[in-house]
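**Student:** Mind having a look at this structure? Questions to follow.
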């Protein structure tokens with residue numbers, strides 16, 4: 213028995229080595245597995261491993277580490293200690309190219325102005341931006357109560373059924389002709405007389421408006437004497453990707469309402485242009501409330517190589533409208549449509 217145990221002890225072998233990457237850096241915690249043995253071995257911080265007590269015969273060793281390709285080696289040790297160094301390659305795979313495209317246009321109805329927009333400062337001010345293209349509203353009739361429906365704290369009056377004059381008020385102020393808001397189009401005042409008679413008789417066609425900026429709080433200190441805040445209609449521009457884009461919208465409604473809207477826009481070289489024309493006619497639900505309305509807007513912008521831009525705009529509105537007078541309680545009870 214003693215002689216047999218001595219012979220078996222002499223026949224046992226060991227395998228050692230180092231596991232590195234392609235740059236020769238030792239790999240820590242790389243796993244070494246020997247087929248036929250219910251055990252695994254790991255490399256130390258120097259990348260070294262040692263497997264002892266193996267019986268003679270062909271051995272299959274598998275080396276693997278997270279993030280590296282698996283390596284298999286076969287060795288037929290006879291006796292003593294054998295060295296087996298292994299280099300692992302990073303696990304990589306060539307994938308097909310992926311193109312990601314996006315759209316700078318907002319996808320929500322309401323957003324906020326940044327603290328600084330161009331030369332304007334909106335920090336510490338309450339602001340709302342209505343993205344018209346995402347609004348579910350009757351834009352052909354300039355339906356203000358639908359356009360401003362998600363802005364809290366506003367009162368809306370609709371004195372006509374075509375939105376020729378929209379009435380917006382805030383903080384409990386009268387919405388009559390938006391007299392308590394500083395009303396602007398592309399940043400310039402569109403009121404009849406900003407200081408003496410701030411009522412707004414002109415309303416831009418919503419089909420030509422890109423967004424509406426509502427600034428309250430201290431906006432009156434920055435833009436004018438109206439302490440209700442600022443209402444700025446930002447008009448559309450021509451698309452940058454095409455030279456010519458045309459749009460037409462024809463709408464008919466109750467009481468003989470008709471709206472015809474057409475626009476052209478695009479970019480040619482460093483010039484961007486946009487023009488829109490709107491014609492509306494019809495009558496409201498009361499007698500003596502017919503209206504006829506024309507709106508024209510045109511803009512050309514030149515942008516230099518350094519980013520400086522110069523823009524020329526032209527706006528004209530002509531309308532003829534009848535406004536039904538007030539009724540006494542008895543007249544309203546008799547016929548609310550009379551005027």
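Numbering (the working numbering), first residue to last: 213 to 551.
By construction, the Cβ of each residue, glycine as well, lies at the ideal position given by its N, Cα and C atoms.
Do the segment 369-384 and the segment 533-551 make contact, defined as three or more Cβ pairs closer than 8 Å?
**Tutor:** Yes, since at least three Cβ pairs between the segment 369-384 and the segment 533-551 fall closer than 8 Å, the two stretches touch.
**Student:** From residue 234 to residue 302, what distance separates their C-alpha atoms?
**Tutor:** On the chain shown, residue 234 is found 22 positions in, with the first residue counted as 1. On the chain shown, residue 302 is found 90 positions in, with the first residue counted as 1. In a straight line, the C-alpha of residue 234 is about 8 Å away from that of residue 302.
**Student:** Counting only the same chain and skipping the five closest in sequence on each side, list residues whose C-beta sits under 8 Å from that of residue 241.
**Tutor:** In the chain shown, counting from the first residue as 1, residue 241 sits at position 29. Excluding residues within five positions, the ones whose Cβ falls inside 8 Å are 254, 255, 277.
**Student:** Excluding sequence positions up to five away, which residues of its chain have a Cβ less than 8 Å from the Cβ of residue 261?
**Tutor:** If you number the chain shown from 1, residue 261 lands on position 49. Take residue 261, set aside five residues on each side of it, and the residues of its chain with a beta-carbon closer than 8 Å to its own are 228, 229, 230, 231, 242, 244, 253, 254, 255, in chain order.
**Student:** By how many angstroms is the C-alpha of residue 524 removed from the C-alpha of residue 513?
**Tutor:** As a position in the chain shown, residue 513 is number 301, starting the count at 1. As a position in the chain shown, residue 524 is number 312, starting the count at 1. For residue 513 and residue 524, the distance between alpha carbons rounds to 6 Å.
**Student:** When DSSP builds the beta bridges, which residues end up paired with residue 492?
**Tutor:** Walking along the chain shown from the start, residue 492 turns up at place 280. In DSSP, residue 492 forms a bridge with 471, 505.
**Student:** Quick check for students: name the residue ranges of the beta strand (DSSP E) that lie wholly in the segment 275-354, counting only runs of 3 or more.
**Tutor:** 283-287, 292-295, 338-343
**Student:** With the cut-off set at 9 Å, would you say residue 366 and residue 380 are in Cβ contact?
**Tutor:** Translated into the one-based positions of the chain shown, residue 366 becomes position 154. Translated into the one-based positions of the chain shown, residue 380 becomes position 168. Cβ atoms of residue 366 and residue 380: closer than 9 Å.
**Student:** Residue 281 and residue 300 look like a contact to me (Cβ under 8 Å); what is the Cβ gap, rounded to whole Å?
**Tutor:** Within the chain shown, numbered from 1, the residue matching residue 281 stands at position 69. Within the chain shown, numbered from 1, the residue matching residue 300 stands at position 88. Right, their Cβ atoms sit about 6 Å apart.
**Student:** Please state whether DSSP places residue 237 in a helix, a strand or coil.
**Tutor:** As a working mapping, residue 237 is identified with position 25 in the chain shown. Residue 237 sits in coil when the DSSP states are folded into three classes, being neither helix nor strand.
**Student:** Going by DSSP, which residues form a beta bridge with residue 423?
**Tutor:** Mapped onto the chain shown, residue 423 falls at position 211. For residue 423, the pairing in a beta bridge is given by DSSP as 343, 446.
**Student:** Relative to the C-alpha of residue 251, which candidate in 274, 258, 257, 238 has its C-alpha closest?
**Tutor:** Reading the chain shown from its first residue, position 39 is the one you call residue 251. Residue 251 has its Cα closest to that of 274, out of 274, 258, 257, 238.
**Student:** Identify, in the order they occur along the chain, each residue of the same chain with its Cβ nearer than 7 Å to the Cβ of residue 298, setting aside the five sequence neighbours on each side.
**Tutor:** As a first step, residue 298 is located in the chain shown; it is residue number 86 there, counting from the start. Here the set comprises 229, 231, 275, 283, 285.
**Student:** So residue 323 packs on residue 343, CB below 8 Å; how close in whole Å?
**Tutor:** The sequence position of residue 323 within the chain shown is 111, counting from 1. The sequence position of residue 343 within the chain shown is 131, counting from 1. So it is a contact: roughly 7 Å between Cβ atoms.
**Student:** May I ask you to list the residues that DSSP assigns as paired with residue 405?
**Tutor:** Here residue 405 refers to the residue found at position 193 of the chain shown. BP columns for residue 405 point to 409.
**Student:** Taking the continuous beta strand (DSSP E) assigned at residue 254, which residues delimit it?
**Tutor:** Position 42 of the chain shown, counted from the start, is the residue given in the question as residue 254. Its beta strand (DSSP E) spans residues 252-254.
**Student:** In angstroms, rounded to a whole number, what distance separates the CA positions of residue 311 and residue 518?
**Tutor:** Locating residue 311 in the chain shown gives position 99, where the first residue counts as 1. Locating residue 518 in the chain shown gives position 306, where the first residue counts as 1. Per the coordinates, the alpha-carbon of residue 311 lies some 30 Å from the alpha-carbon of residue 518.
**Student:** Residue 352: which of 294, 416, 391 sits nearest, CA to CA?
**Tutor:** As a position in the chain shown, residue 352 is number 140, starting the count at 1. Of the listed residues, the one whose Cα sits closest to residue 352 is 416.
**Student:** In the DSSP assignment, what residue or residues form a beta bridge with residue 369?
**Tutor:** Residue 369 sits at position 157 when you count from the first residue of the chain shown. According to DSSP, which records beta bridges pairwise, residue 369 is partnered with 379.
**Student:** If contacts are defined as beta-carbon pairs under 8 Å, then residue 226 and residue 263 qualify, I think. What distance do you get, rounded to the angstrom?
**Tutor:** Here residue 226 is taken as the residue at index 14 of the chain shown, counted from 1. Here residue 263 is taken as the residue at index 51 of the chain shown, counted from 1. Going by Cβ atoms, the distance from residue 226 to residue 263 rounds to 6 Å, so yes, they are a contact pair.
**Student:** Rounded to the nearest angstrom, what separates residue 239 and residue 308 at their Cα positions?
**Tutor:** The residue labelled residue 239 in the question sits at position 27 within the chain shown. The residue labelled residue 308 in the question sits at position 96 within the chain shown. The alpha-carbon atoms of residue 239 and residue 308 are separated by roughly 30 Å.
**Student:** Where does residue 359 fall in DSSP's three states?
**Tutor:** In the chain shown, residue 359 corresponds to position 147, counting from 1. Residue 359: helix per DSSP, three-state reduction.
**Student:** Distance, Cα to Cα, residue 358 vs residue 481?
**Tutor:** In the chain shown, the residue the question calls residue 358 occupies position 146. In the chain shown, the residue the question calls residue 481 occupies position 269. Near 38 Å, if we compare the C-alpha coordinates of residue 481 and residue 358.
**Student:** Report yes or no: do three or more beta-carbon pairs, one from the segment 438-450 and one from the segment 383-395, lie closer than 8 Å?
**Tutor:** yes
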